[in-house]
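Novice: Residue numbers (this note's numbering): 14 to 169.
Beta carbons are placed, not taken as given, at the ideal position from N, Cα and C, and that holds for glycine.
Note that the structure is a prediction, hence the values are computed from the model and not measured.
#1: In whole angstroms, what is the alpha-carbon distance linking residue 135 and residue 66?
#2: So if DSSP puts residue 81 in a beta bridge, which residue, or which two residues, is it bridged to?
#3: Residues bridged to residue 13 by DSSP?
#4: Less than 8 Å between the CB atoms is what I'm expecting for residue 72 and residue 54, so what's the real figure, rounded?
#5: For the candidate residues 82, 101, 141, whose alpha-carbon lies nearest to that of residue 117?
#6: Do you know whose CA, among 119, 130, 146, lies nearest residue 59's CA?
#7: Tell me the rounded alpha-carbon separation between residue 112 and residue 94.
#8: If you run the structure through DSSP and keep just helix, strand and coil, what is residue 144?
#9: In whole angstroms, what separates the C-alpha of residue 159 from that of residue 148?
#10: Note down, in chain order, each residue of its chain lying with its Cβ closer than 7 Å to the Cβ of residue 145, except the 5 sequence neighbours on either side.
#11: I think residue 75 touches residue 155, with their Cβ atoms under 8 Å apart; what is that distance to the nearest whole Å?
#12: Excluding sequence positions up to five away, which residues of its chain have a Cβ less than 7 Å from the Cβ of residue 106?
#13: According to the Cβ coordinates, are residue 110 and residue 102 closer than 8 Å?
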């Protein structure tokens, strides 16, 4: 572990977004296929708000390229998917509500193309905003790192 953050279980706590971003950039240059045994995508999930001690948390995961949809991956690893409203009003991954918004900070080239559902719900959104219910990670041949901002509408 480098000296930029301290480990807490599977999460690492950082005192500033600048430190968090520096680590994300250096990690993207060290993607290792041996973790997954074949082309591997490493994901860095950014928490939207600083914690009570004013530090930002992140969570790292690795997945085989082309084998997971982002929603399934987040569910399996107990990464919070929705805000308060979305927890009650989401469609369960059917792509019919638009509450599953994530911002892709880095690594958009490693993701699937936008679906018709995404185009319908995200007409005026920035190009780096996606719905995670239909977003596939990798194409079974590529490797790299994707930085995902959870709940971008809450970001400070």
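Specialist: Let me spell this out:
#1: As a first step, residue 135 is located in the chain shown; it is residue number 122 there, counting from the start. As a first step, residue 66 is located in the chain shown; it is residue number 53 there, counting from the start. Going from the Cα of residue 135 to the Cα of residue 66 covers about 34 Å.
#2: Stepping through the chain shown from its first residue, residue 81 is reached at position 68. According to DSSP, which records beta bridges pairwise, residue 81 is partnered with 150.
#3: With the chain represented from 14 up to 169, any question about residue 13 goes unanswered, as that position is not in the structure.
#4: Here residue 72 corresponds to residue number 59 of the chain shown, with the count starting at 1. Here residue 54 corresponds to residue number 41 of the chain shown, with the count starting at 1. That belief does not hold up - the Cβ atoms of residue 72 and residue 54 are roughly 15 Å apart, past 8 Å.
#5: One-based indexing of the chain shown puts residue 117 at position 104. Residue 141 is the option with its Cα nearest to residue 117.
#6: Stepping through the chain shown from its first residue, residue 59 is reached at position 46. Closest by alpha carbon: 119.
#7: As a first step, residue 112 must be located in the chain shown, where it is residue number 99. As a first step, residue 94 must be located in the chain shown, where it is residue number 81. The straight-line gap from Cα to Cα measures roughly 9 Å.
#8: Position 131 of the chain shown, counted from the start, is the residue given in the question as residue 144. Three-state result, residue 144: strand.
#9: For the purposes of this step, residue 159 is taken as the residue at position 146 of the chain shown. For the purposes of this step, residue 148 is taken as the residue at position 135 of the chain shown. Between residue 159 and residue 148, the C-alpha separation is close to 12 Å.
#10: On the chain shown, residue 145 is found 132 positions in, with the first residue counted as 1. Cβ neighbours of residue 145 beyond the five flanking positions: 83, 84, 87, 113, 115.
#11: The residue given as residue 75 occupies position 62 in the chain shown. The residue given as residue 155 occupies position 142 in the chain shown. That pair is no contact at about 14 Å.
#12: Residue 106 sits at position 93 when you count from the first residue of the chain shown. Counting only Cβ-Cβ distances below 7 Å, and skipping sequence neighbours, we find 84, 146.
#13: Along the chain shown, one-based indexing puts residue 110 at 97. Along the chain shown, one-based indexing puts residue 102 at 89. Going by C-beta atoms, residue 110 is nearer than 8 Å to residue 102.
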